[in-house]
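Written out below as structure tokens is the structure these notes cover.
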Amino acid sequence: MTCHELSEMFELYALGVVEAEEREEIEAHLARGCDSCNAALAKALAINAGIFSLVYQKTPRRRVKRRMMQAIGVHYPGWGWVWALGGALALAVAIWLGVQERQRTTELAEARRTLLEVRGERDRLTAALRFLSDPQTVPASFGKGQTAPPRGYVFLHPQMGVLLIASNLPPAGAGKTYEMWVIPKGGTPRPAGLFQSEGAGAVHILNGPLDLDTVGTVAVTIEPAAGSAAPTMPIIIAAPVGT
Amino acid sequence: MLILKLLPLGLAYGILQVALHVTGDGDLARRLKARDSKAMAELYDRYGRLTYSLILRIVRNASTAEDLMQETFLRVWNRVQSFDAEKGALGAWVLTVARNRAIDHLRSVDGRMQAGAIDLDHLENPRRFSTIDTSALSIDRVRRLKSAFEKLTPQQRQVIELAYYEGMSQTEMADRLQQPLGTVKTWTRSALQILRSELAGVAIA
Chain A
1 MTCHELSEMF ELYALGVVEA EEREEIEAHL ARGCDSCNAA LAKALAINAG IFSLVYQKTP
61 RRRVKRRMMQ AIGVHYPGWG WVWALGGALA LAVAIWLGVQ ERQRTTELAE ARRTLLEVRG
121 ERDRLTAALR FLSDPQTVPA SFGKGQTAPP RGYVFLHPQM GVLLIASNLP PAGAGKTYEM
181 WVIPKGGTPR PAGLFQSEGA GAVHILNGPL DLDTVGTVAV TIEPAAGSAA PTMPIIIAAP
241 VGT
Chain B
1 MLILKLLPLG LAYGILQVAL HVTGDGDLAR RLKARDSKAM AELYDRYGRL TYSLILRIVR
61 NASTAEDLMQ ETFLRVWNRV QSFDAEKGAL GAWVLTVARN RAIDHLRSVD GRMQAGAIDL
121 DHLENPRRFS TIDTSALSID RVRRLKSAFE KLTPQQRQVI ELAYYEGMSQ TEMADRLQQP
181 LGTVKTWTRS ALQILRSELA GVAIA
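Residue numbers (my numbering), protein chains in the order written: chain A, 1 to 243; chain B, 1 to 205.
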């Protein structure tokens with residue numbers, strides 16, 4: 001074939017799609033250093049590259065570049081750090097929300113406890129008022145014969161029991177509590193409930209029916225926190241009944 | 001930028017991206033030869049989109065195209081020492097390597113490698129690209145090629161696509177199209193003449 005005939009096939013030769021016989025002839029010719037054919041081959045390569053560039057273009061995923069850079073031994077951060085930062089922020093927000101939730105739960109529990117205490121106090125005062133307003137309630141003497149006695153009142157009711165309203169109580173002390181006693185005439189003291197003071201005052205009710213004729217004295221002592229089966233001395237309040 | 005209006009948006013964007021950089025390919029090639037890894041990242045930014053698109057056009061599978069793209073750039077990185085940084089057309093070489101990797105893949109999948117297909121390795125020798133005009137991928141040339149491509153008949157266009165994007169010989173095309181070999185050769189020759197004549201007014205070294 002002539003140089004012109006060969007050059008007509010250079011694009012296909014450069015693409016590797018000519019038949020074996022044609023390829024051998026082209027390569028043998030080029031090996032002889034034919035300038036015009038080498039120039040024609042350069043033009044064919046340029047045309048081929050131009051045709052390659054006519055494809056509709058699409059963008060590869062970002063990770064391809066990262067993989068390529070890593071393949072040549074270069075650490076390429078890509079966008080992984082964004083995900084790491086996002087994850088760290090999400091974790092921080094989750095921890096913060098958890099702390100907030102725990103704090104809110106604690107505050108809520110504290111508020112419930114306070115509410116229960118207030119309700120308990122209200123109920124106790126309501127019961128004391130009902131106790132005091134009933135016509136069957138009788139008073140007992142309070143602090144008679146004591147030096148700097150606690151001040152207050154003891155009331156008894158045949159159905160509602162005993163109401164104690166006291167102030168100026170001496171401090172119970174650590175690990176101690178006040179205990180009320182109902183002492184029958186000529187009998188042994190019966191425990192009538194434990195109570196704490198608020199400041200130096202207290203309101204305490206022993207609920208239940210009571211035979212007023214048999215009660216001799218209502219007394220208060222300071223006892224261990226769990227209470228006692230029998231009063232220990234000294235008695236800080238002694239209110240004789242019916243004197 | 002008037003000529004860009006004549007081209008589809010995706011093609012125009014890619015051409016513009018490449019054209020803005022072709023004049024700096026010599027410096028980029030020198031840095032690649034000096035094993036500058038930043039130059040490799042720059043090469044990817046410059047030709048990665050076009051390379052991926054070409055491979056994807058041939059293999060028609062995004063995951064395979066990504067793998068072959070990585071293989072292409074690694075091959076360029078490993079063989080750039082033989083490339084003539086002063087006179088070579090870096091983009092044309094990269095695209096040729098990419099096209100050959102994709103065709104090699106197609107041939108291995110189709111079993112055509114065993115049928116005596118031509119080894120493409122020596123056809124992408126970087127020394128071959130030292131005499132190509134560095135403006136091989138300029139906007140003007142690509143516009144002319146695009147215009148010439150539109151002048152081809154459907155048969156001419158089909159044989160060009162089978163040769164460029166499927167790596168078929170004319171005998172294989174004749175089998176595929178169930179046409180006489182002589183007819184296929186005529187379509188191919190006339191198509192290439194149209195493309196060449198369209199570029200004739202553009203200086204090529």
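A virtual CB, placed ideally from N, CA and C, is assigned to each residue, including glycine.
Taking A/E179 as the centre and dropping the five residues before and after it, the same chain places the C-beta of L194, T221, E223 and G227 closer than 6 angstroms to its C-beta, in chain order. Three or more Cβ pairs closer than 8 angstroms define a contact, and the segment 141 to 153 of chain B meets that threshold against the segment 192 to 199 of chain B. In this structure, B/A92 lies away from B/L54, with their beta-carbon atoms at least 8 angstroms apart. Residue state for A/P224 is assigned as strand, using DSSP reduced to three classes. Collapsing the DSSP output to three states places B/G167 in coil.
For the 8 angstroms CB-CB criterion, B/S135 and B/D84 do not form a contact. Using a Cβ-Cβ cut-off of 8 angstroms, B/V184 does not count as an interface residue toward chain A, since no Cβ of chain A sits closer than that to its own. One thing to note: A/L45 has its Cβ no nearer than 8 angstroms to the Cβ of B/I58. The segment 69 to 79 of chain B makes no contact with the segment 33 to 42 of chain A: fewer than 3 CB pairs, one atom from each, lie closer than 8 angstroms. Chain order gives the chain A residues near B/A163 as E11, L12, L15 and V17, where near means a beta carbon separation below 9 angstroms.
Taking 8 angstroms as the cut-off, the Cβ atoms of A/I165 and A/V203 count as close.
Residues of the same chain with a CB within less than 8 angstroms of the CB of B/T51, apart from the 5 flanking positions on each side, are M69, T72, F73, V94, L95 and A98 in chain order. Nearest in C-alpha terms to B/R189, of all of B/R46, B/M168, B/V159 and B/N100, is B/V159. The Cβ-Cβ distance between B/Y47 and A/M68 does not fall below 8 angstroms. Just so you know, the alpha carbons of B/N125 and A/G50 end up roughly 18 angstroms apart. Between the segment 180 to 187 of chain A and the segment 125 to 140 of chain A, the count of Cβ pairs shorter than 8 angstroms is below three; the stretches do not touch.
Contact check for A/A140 and A/L129: beta-carbon distance about 18 angstroms, past the 8 angstroms limit, so the pair fails to qualify.
Under a criterion of Cβ atoms nearer than 8 angstroms, the residues of chain B adjacent to A/M68 are, in order, M40, Y44, M69, Q70, F73 and L74.
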